[in-house]
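Working notes for the structure below.
Numbering (UniProt numbering), first residue to last: 1 to 202.
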């Protein structure tokens, strides 16, 4: 990418998704993209908007997802990334923050928790013997508890945190994160971890 032009990990992820789905994904189409995303991984382990910028959950998910589609996730320091993202789940609240020293936000139930299955897959491909074959690498029940107890609006919809208004954005990403927290694996390897009554399962 030309750094003089607007570029974001979101656009790289969207372009890679569309190119993959329409079967036009070629090395020439994404020349330099994977390397640029990898340069945005900072000392914390997460991915910032540009090289040297603070790591952020949205940029990190989109960057990693783009690299997975491009089959270039090996360019990242995956162990450092794992350390960063698991540190974003707060012990008291159970939800995820988007950046260091920020409050928990319901939308990161997807942006951070959604990153962990991608990391799990990449580390599994490397033959990492420490991986669980029954659970993701975060506290799945704690995240469900945060979403179900703190993010639901009595009138319907979901929200960022108590005291905030519900909206479609947070409803989408809270529900997406809830689904990730409830279901491990795919195909023959599937394990459900559902907090509360069976009706809570998505």
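Note that beta-carbon positions come from the ideal geometry of N, C-alpha and C, so glycine has one too.
Starting from the C-beta of residue 119, find all residues in its chain whose C-beta is less than 6 Å away, skip the five residues before and the five after it, and write them out in chain order.
Correct list, in chain order: 82.
Are the CB atoms of residue 63 and residue 100 within a distance shorter than 8 Å?
no
Skipping 5 residues on each side, what residues in its chain have a beta carbon closer than 7 Å to that of residue 202?
175, 178, 179 and 182
Report the option in 105, 34 and 22 whose CA atom is closest to the CA atom of residue 73.
34
Would residue 141 and residue 195 be called neighbours here (beta carbons separated by less than 8 Å)?
yes
Can you tell me whether residue 74 is helix, strand or coil according to DSSP?
helix
Below 8 Å on the Cβ atoms is my contact criterion, and I expect residue 67 with residue 37 to pass it. Report the Cβ-Cβ distance as a whole number of Å.
6 Å
Continuous beta strand (DSSP E) stretch holding residue 192: start and end:
Run containing residue 192: 189-192, per the beta strand (DSSP E) assignment.
Delimiting residues of the alpha helix (DSSP H) encompassing residue 119:
115-125
In terms of alpha-carbon separation, which member of 154, 133, 168 and 198 lies closest to residue 185?
133
Can you list, in chain order, the residues of its chain with a C-beta nearer than 7 Å to that of residue 145? Leave out the 5 residues immediately preceding and following it.
94 and 195
Less than 8 Å between the C-beta atoms of residue 106 and residue 161, yes or no?
yes
Please classify residue 203: is it buried, with 16 or more other beta-carbons within 10 angstroms of its beta-carbon, or exposed?
Residue 203 cannot be examined here, being either before or after the span of the chain that is shown, 1 to 202.
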